[in-house]
Every structure is written in structure tokens, then in C-alpha cells.
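Okay, so here's the structure we're looking at.
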Amino acid sequence: MTSDRVTPDIQAGVIDATVLRPHAEQEYAGELARLAEHDDRPRPPGWRLSPWAVTTYLLGGTLPDGSQISPKYIGPRRLMEVAVATLATDRALLLLGVPGTAKTWVSEHLAAAVSGDSTLLVQGTAGTAEEAVRYGWNYARLLAEGPSERALVESPLMRAMRTGAVARIEELTRMPSDVQDTLITILSEKTLPVPELNTEVQARKGFTVIATANDRDRGVNELSSALRRRFNTVVLPLPDTVDDEVDIVARRVDQLGTALELPDAPAGLEEIRRVVTVFRELRGGLTSDGRTKLKSPSGTLSTAEAISVITSGLALAAHFGDGVLRAADVAGGIVGAVVQDPVSDRVVWQEYLETVVRERPEWLDFYRACREVS
């Protein structure tokens, strides 16, 4: 049930140390290999792992030999089961959520676990052309030879169809509506006509599409009803609890610190919890004790932004401080994350500092640091 799509280096788990961010199938090649060894459950055609093993890879677990699989996503198990089960059907998967809910992260790891290749990616933007979804042409060859197989430039979706792999589309609703609708034939008929060559590409077993969309982009380029019917939508929520979000931030900060080769510094769980608390209170419009209503800033204040604030703070602590993450190290990053609109957001932030932060005795160092950079 294995495939030769993955390069020998990836199969062997060899990672180029100069690469800033290895693909999921490279970074977690060992875990994927161990899962494959212990995976005796039925696998859909073209899959490298069974749905059970894919879900275990995403959520983490312990294998029969005692080896540990690290969690890639912290959240409701049922959501991941629904997402994985969707990929085993003839419907495509749409991961929907606010920015920072790990849509891209989940889509990459799903592709890595299902087909061993997460690189067949189309990035949706207002300028995404139809060729990015269907195919294009090498115009030098086209002029010299006319339409031919050699002149054809395959899109990531076409390559995924030929090899029976998972294709990924990022920010689907940012793509123009006419480009979106080129997916309808691909998703419904599992074929891509090439009329210039009087031929077509038929998808091999294992082919599917994972798309992501930001639900704050509603009204930008909404999906047509015909296209929406081709997707099963899974909404990824923000973390349920402070503890869950702190765990997510701490794990990603540790991974990023290793990848960026930051000098060793204590992660500072106390500061992580403080940043997460600030973000949750401001985006929820209510203090954690439920006593004070707050105004929310214009930004999303997502988990991803909390990770960025802490990572920047660790760099400051390591290079310009004493190596310990402190309030002063995160203050600048958190002010920059909250105050996106220099007028309205600054009012929200100042009000939060004076009515909430200042009244917490254990947060006085944070209050002073924020006032200094504000």
C-alpha cells in the first residue's frame, strides 16, 4: 500500500539541516514509519496509513511497542475523525475557521499521513489564475512544437490526480469565483479534460482535495452552491480552555525555537499563560472571572499570534536579556498584536491596561512593561 511519490531522502527520514522548516513528512518521518509498522487496519485505496493511524498521528498516542506519537493538533477527537473519514469518501474536505485555528497545519499533516506528500499546494489569492488549478503551458515549447505533452505544465492538482495523492488549496475563498468553479468537474467527475490535446487526466485512487478557508472572508469570493456541495466542511474552533491553548503555544514555541536555533532559554510558562489569558479575554470581550465586560480590538488575537509573541519574546530574552522570559520581553510583541488599528485599538488596549491589568497585583511587572512600550 506504499507509494514511490516520496523522495528517498524523505523516506529515510533525512532532513537537510539548512532547511528552515521541513515538510511534515520529513520532520515526522520516524513517527509515520512506526505507525505504518503497527498499522494492521484496513487502508483505503492509495493511502499509506489507515484512517485510525492517520487520526493517531494527528492527535498523538502510544503504540503497542511503547513508542510515543506526538500530538499535532489539540482539540476534539471527533472533528479529526470526521475530517479523516471525509477523505476516505468521494467528497473533498473544507477546513473552515478564524485565522490561527491550525487549518493549514492540519491540512499539511493530513496530506503527509494519507499520501506521504504535503507539497501539492495551490495558494489562493485574488490573483490566482485558472492555470494554477488546471494546467498551463511552456510557451517556448508551445510556439516551437504546438500543443504537446512536453509543452504542458501540470498544476499541483493535476499531479495529484495522476499519482493518487492529496492536493491542498489554501484560502479557497480568496480565489476568484470563476477559478473556484474550475474545481467542479475535477471534484465531481474526478477527471480533468485537456481539450488542446484531445485527452483527459483521470484521477487515480487516493486522490482527494483538502481546502482551507477563513470564515472572516465571507463575502469576499463565496463558494457557489455547486462547489460547496462537493465539499464536506469541518469547522476548526479556537481552543476550548486556557490550559489547552497554553499547551498548544508551549509546544509550537519549543518546535520553533529548535528550528530557528534560538539560544537555550526557559520557555516561561507563566508568561505564556499571561499572553494567552490577555488574548482570550480581549477576543471574548470578558475577563476570565466573568465580572468585567471588555471591548474587543479589530484583530483576531489567535493562537498563532500568541505563538509569534512568545517566540519573539524568547529571542529578546536570549539575545538581549538574561535568558529568562519576562514581562518586558513579551510586552512589545503583545502591544503590536493587539493594536492593529492605531486609533480604535489603542483605546481598547489602554482601557484594558487600566481597568484589568493594573488591578491584578501579580501583573504589575507586566503593566509597567506594557505602559513603557505603549
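So the sequence shown is residues 0 to 373, counted in numbering that gives the first Met the number 0. Here a beta-carbon is modelled for each residue, glycine too, at the ideal position from N, C-alpha and C.
Can you round the beta-carbon distance between residue i and residue j to whole angstroms, since I take them to be within the 8 Å contact cut?
{"i": "THR211", "j": "MET174", "result": "The pair is not a contact, with the Cβ atoms about 12 Å apart (cut-off 8 Å)."}
{"i": "VAL233", "j": "LEU48", "result": "At roughly 19 Å, the Cβ-Cβ gap does not stay under 8 Å, so VAL233 and LEU48 are not in contact."}
{"i": "VAL274", "j": "ALA305", "result": "5 Å"}
{"i": "THR298", "j": "ALA336", "result": "It should be pointed out that residue 298 corresponds to Gly in this sequence rather than to Thr. The Cβ separation is near 7 Å, so the contact holds."}
{"i": "ARG282", "j": "SER295", "result": "6 Å"}
{"i": "ALA23", "j": "SER117", "result": "5 Å"}
{"i": "PHE230", "j": "MET160", "result": "17 Å between Cβ atoms; not a contact."}
{"i": "LEU226", "j": "ASP180", "result": "6 Å"}
{"i": "LEU92", "j": "TYR56", "result": "Not quite, the Cβ-Cβ distance comes to about 16 Å (not below 8 Å), so this is no contact."}
{"i": "ALA368", "j": "ALA326", "result": "4 Å"}
{"i": "VAL97", "j": "ASP214", "result": "6 Å"}
{"i": "LEU380", "j": "LEU58", "result": "The chain is shown from 0 up to 373; residue 380 falls before or after that span and cannot be answered."}
Taking C-alpha atoms, which residue in the options lies nearest to residue i?
{"i": "ALA166", "options": "ARG90, GLU26, GLN254 and GLU30", "result": "ARG90"}
{"i": "ALA16", "options": "GLU169, ASP253, HIS108 and THR257", "result": "THR257"}
{"i": "VAL252", "options": "ARG229, VAL208 and LEU324", "result": "LEU324"}
{"i": "ILE73", "options": "GLN254, VAL81, VAL105 and GLY45", "result": "VAL105"}
{"i": "LEU86", "options": "ALA164, PRO155, ALA249 and ARG149", "result": "ALA164"}
{"i": "VAL374", "options": "LEU259, LEU235, VAL329 and GLU144", "result": "Residue coverage of the chain in this structure runs from 0 to 373, which leaves residue 374 outside it and unanswerable."}
{"i": "GLY45", "options": "HIS37, THR190, PRO75 and THR162", "result": "THR162"}
{"i": "ALA150", "options": "ARG215, ASN137, ARG228 and ILE333", "result": "ASN137"}
{"i": "GLY99", "options": "TRP348, GLY332 and SER301", "result": "SER301"}
{"i": "GLU371", "options": "ARG359, VAL355 and VAL334", "result": "VAL334"}
{"i": "PRO63", "options": "THR54, PRO50, LYS71 and ASP38", "result": "ASP38"}
{"i": "LEU285", "options": "TYR351, ARG42, ILE183 and PRO238", "result": "TYR351"}
{"i": "GLY103", "options": "VAL338, PRO341, ILE209 and VAL355", "result": "Looking at the sequence shown, residue 103 is not Gly but Thr. With distances taken between Cα atoms, THR103 lies closest to ILE209."}
{"i": "SER154", "options": "ARG76, LEU120 and GLU361", "result": "LEU120"}
{"i": "SER307", "options": "GLY332, ALA139, PHE319 and THR291", "result": "GLY332"}
{"i": "SER373", "options": "GLU361, ASP344, ARG359 and TRP362", "result": "ASP344"}
{"i": "GLU221", "options": "LEU255, THR172, ALA101 and PRO194", "result": "THR172"}
{"i": "GLU36", "options": "VAL152, PRO43, SER66 and HIS108", "result": "SER66"}
Quick check on DSSP: helix, strand or coil for residue i?
{"i": "THR127", "result": "coil"}
{"i": "GLN179", "result": "helix"}
{"i": "SER2", "result": "Only weak support exists for where SER2 lies, its pLDDT of 41 falling under 50; the value from the coordinates is given anyway. SER2 falls in the coil class under three-state DSSP."}
{"i": "TYR134", "result": "strand"}
{"i": "LYS71", "result": "coil"}
{"i": "VAL274", "result": "helix"}
{"i": "ALA150", "result": "coil"}
{"i": "GLY284", "result": "coil"}
{"i": "VAL121", "result": "strand"}
{"i": "ALA202", "result": "coil"}
{"i": "GLY60", "result": "strand"}
{"i": "THR232", "result": "strand"}
{"i": "GLY96", "result": "strand"}
{"i": "VAL384", "result": "Since the first residue shown for the chain is 0 and the last is 373, residue 384 is missing from the structure and cannot be characterised."}
{"i": "ALA374", "result": "Because residue 374 is not part of the residues shown, which for the chain are 0 to 373, the question remains open."}
{"i": "ALA317", "result": "helix"}
{"i": "ALA303", "result": "helix"}
{"i": "ALA139", "result": "helix"}
{"i": "ALA91", "result": "strand"}
{"i": "ASP15", "result": "coil"}
Could you spell out where the alpha helix (DSSP H) holding residue i opens and where it closes?
{"i": "ARG167", "result": "That residue, ARG167, is in no alpha helix (DSSP H); its beta strand (DSSP E) goes 165 to 169."}
{"i": "VAL337", "result": "326 to 337"}
{"i": "LEU34", "result": "28 to 37"}
{"i": "GLU107", "result": "102 to 114"}
{"i": "VAL356", "result": "Careful: VAL356 lies outside any alpha helix (DSSP H) and carries neither H nor E."}
{"i": "LEU365", "result": "Going by the sequence as given, residue 365 is Phe instead of Leu. PHE365 -> alpha helix (DSSP H) spans 363 to 372."}
{"i": "VAL245", "result": "241 to 258"}
{"i": "THR162", "result": "155 to 162"}
{"i": "GLU80", "result": "76 to 86"}
{"i": "ARG227", "result": "224 to 227"}
Let me check you understand the geometry: is the CB of residue i closer than 7 Å to at least one non-hydrogen atom of the ligand GTP?
{"i": "ALA317", "result": "You won't find the ligand GTP in this model; it holds no ligand whatsoever."}
So the beta strand (DSSP E) residue i belongs to, where does it begin and stop?
{"i": "PRO192", "result": "190 to 193"}
Measuring only between beta-carbons, confirm whether residue i sits less than 8 Å from chain D.
{"i": "GLU199", "result": "Protein chains in the displayed structure number just one, and chain D is not present."}
Exercise. Is it true that the segment 26 to 38 meets the segment 111 to 123, where meeting means three or more beta-carbon pairs spaced less than 8 Å apart?
Worked result: Yes, the segment 26 to 38 is in contact with the segment 111 to 123.
For this session: Please confirm if the segment 239 to 250 is in contact with the segment 197 to 205, defined as three or more CB-CB distances below 8 Å between the two stretches.
Result: No: the two stretches stay apart, fewer than three of their Cβ pairs being nearer than 8 Å.
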